[in-house]
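*Asks:* Dropping the structure in here first, questions after.
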Amino acid sequence: MTNMVRERIANKRIVCVSCGGASFTEDHVRGENICTSCGLVVSERTTDRGPEWRAFTTEERNARARTGAPMTLTIADRGLSTVIDWRNKDASGRALTSTTRAAIYRMRKWHIRSRLHSSQHRNLGIAMSEMERLSSQLGIPRDVRETAALMYRKALTKNLVRGRSIESVVAASVYLACRIHRIPRRLDEVATETNVDRKQIGHAVRLVVSRVNIDVPLASAKDLIPRLSSDLLLEGRTVKKATEIIKNAEEKFVTIGKDPGGIAGAALYIAGIVEKDRRTQREIANVSRVTEVTIRNRYKELVRVLGISIDIDS
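Those letters in the sequence shown? Residues 38 to 351, by my numbering.
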């Protein structure tokens, strides 16, 4: 800023002291901001904080950028470590000599060992790989994976993984992260994609909830409606009716202690009959991962408590 120029702030905007204009042109070569009305140089020697290179496409921008990906909890070292290239070529692309290649091989080996120098780091390496695999199988978004990774790291810090399988605690973290973000993934679905049985995962879930300071909302049947209705190819009016049925059931405390899958399936069954968009109990039971008996018991209870009149034979 020159000594001859003073800036006046009006309505949180920089204005020209000569003409009062608020429109400026930036000269990147000279580093000056110039008033477009009167030509007064308002500031000079400004610092350009952008990159020194130019790019016109996304590919060029990604190729020329020298900064890496942002920090992430889903990688054991949070994505901050460096890697020695395995292609055995120098910066110019020329192949390394045999002597240099042997030295690089030893450096690469010790570099990998140094990254996993403690049992906790080795545990995180195994756990994050398993979490990435499980999350991909379940189709879980990136923000949910970050929450699951944070939850596992807290459990590891509190020594909750000791004496238990890494897979069970990883599965519990993923399941709880889905609950927090209202992503409809049931415990049975998580157990299906792992080598750990449902009982072990359930025990790990209860342990993490009790020992790690997290607020996990109760599972709601409404969270399952969009996914189940999509699998059943139901009409929008049927989905709306099923959501309304579940809302009324929750207000009358019918859903307390009941499996959300059974409640959601029964609501869709009733809504299908009411809206002439019916699906069989077997079809609904298959996508809800409950038995046909559960669907029958839940829909009869909902019809009785909510006073809904339906014609089963129609």
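Think of the CB as a built atom: it goes at the ideal place given N, C-alpha and C, for glycine as much as any other residue.
Just so it is clear, the structure is predicted and the values come from calculations on it, not from any experiment.
#1: Just to confirm before moving on: does the CB-CB distance between S210 and M188 stay below 7 angstroms?
#2: Quick one: what's got a C-beta closer than 8 angstroms to P263's C-beta in the same chain, skipping five residues either side?
#3: For I71, which residues does DSSP report across the bridge?
#4: Anyone know if the C-beta pair for I307 and I282 falls short of 7 angstroms?
#5: Please state whether DSSP places I347 in a helix, a strand or coil.
#6: As a quick exercise: from N323, E288, A192, A228, pick the residue whose alpha carbon is nearest that of Q174.
#7: Is it buried or exposed, D260, if we count other Cβ atoms within 10 angstroms and call 16 or more buried?
#8: Ignore the nearest five residues each way along the sequence and tell me which others in T109's own chain have a CB closer than 6 angstroms to its CB.
#9: Considering Cα atoms alone, identify which of E204, I51, T328, S155 is closest to S60.
#10: Could you tell me the alpha carbon to alpha carbon distance between L171 and K313, rounded to whole angstroms?
#11: Quick check on M188: does DSSP put it in helix, strand or coil?
#12: S325: buried (16+ other C-beta within 10 angstroms of its C-beta) or exposed?
#13: So, for N125: in the same chain, excluding its five sequence neighbours on each side, which residues have a beta-carbon less than 6 angstroms away from its beta-carbon?
#14: Since T73 and G58 should fall inside the 8 angstroms C-beta cutoff, what is the C-beta to C-beta distance between them, to a whole number of angstroms?
#15: Among T94, G130, I149, which one has its Cα closest to the Cα of D114?
#16: Take the Cβ of M144 as the centre, count every other Cβ of all protein chains shown within 10 Å, and call the residue buried at 16 or more, exposed below.
#17: Does any residue of chain D have a CB that is nearer than 7 angstroms to the CB of S266?
#18: Please classify C215: is it buried, with 16 or more other beta-carbons within 10 angstroms of its beta-carbon, or exposed?
#19: Between T111, D225, S202, which lies nearest to D180 when the distance is taken from Cα to Cα?
#20: Throw me the rounded Cβ distance for the E329 and R319 pair, which I believe falls under 8 angstroms.
#21: May I ask you to report which of helix, strand or coil DSSP gives V242?
#22: Output yes or no for whether 7 angstroms exceeds the beta carbon distance between R248 and K195.
#23: Between L244 and R274, what straight-line distance do the alpha-carbon atoms span, to the nearest angstrom?
#24: Buried or exposed for C53, please, with buried defined as at least 16 other CB atoms from any protein chain shown within 10 angstroms of its CB.
#25: Counting along the chain, where does the alpha helix (DSSP H) carrying P263 start and finish?
*Replies:* By the coordinates alone:
#1: Contact annotation: S210 and M188 have beta-carbon atoms nearer than 7 angstroms.
#2: P221, V276
#3: T62, V78
#4: Yes. Within cutoff.
#5: coil
#6: Of the candidates N323, E288, A192, A228, the one whose C-alpha sits nearest the C-alpha of Q174 is A228.
#7: By the neighbour-count rule (16 or more Cβ atoms within 10 Å), D260 is buried.
#8: G116
#9: Among E204, I51, T328, S155, the Cα nearest to that of S60 is on I51.
#10: Those two C-alpha atoms are separated by around 38 angstroms.
#11: helix
#12: buried
#13: L133, R138
#14: 7 angstroms
#15: I149
#16: exposed
#17: In the structure shown, chain D does not exist; there is a single protein chain.
#18: buried
#19: Of all alpha-carbon atoms in T111, D225, S202, the one lying nearest the alpha-carbon of D180 is that of T111.
#20: 6 angstroms
#21: helix
#22: yes
#23: Roughly 41 angstroms between the two C-alpha positions.
#24: buried
#25: 262 to 269
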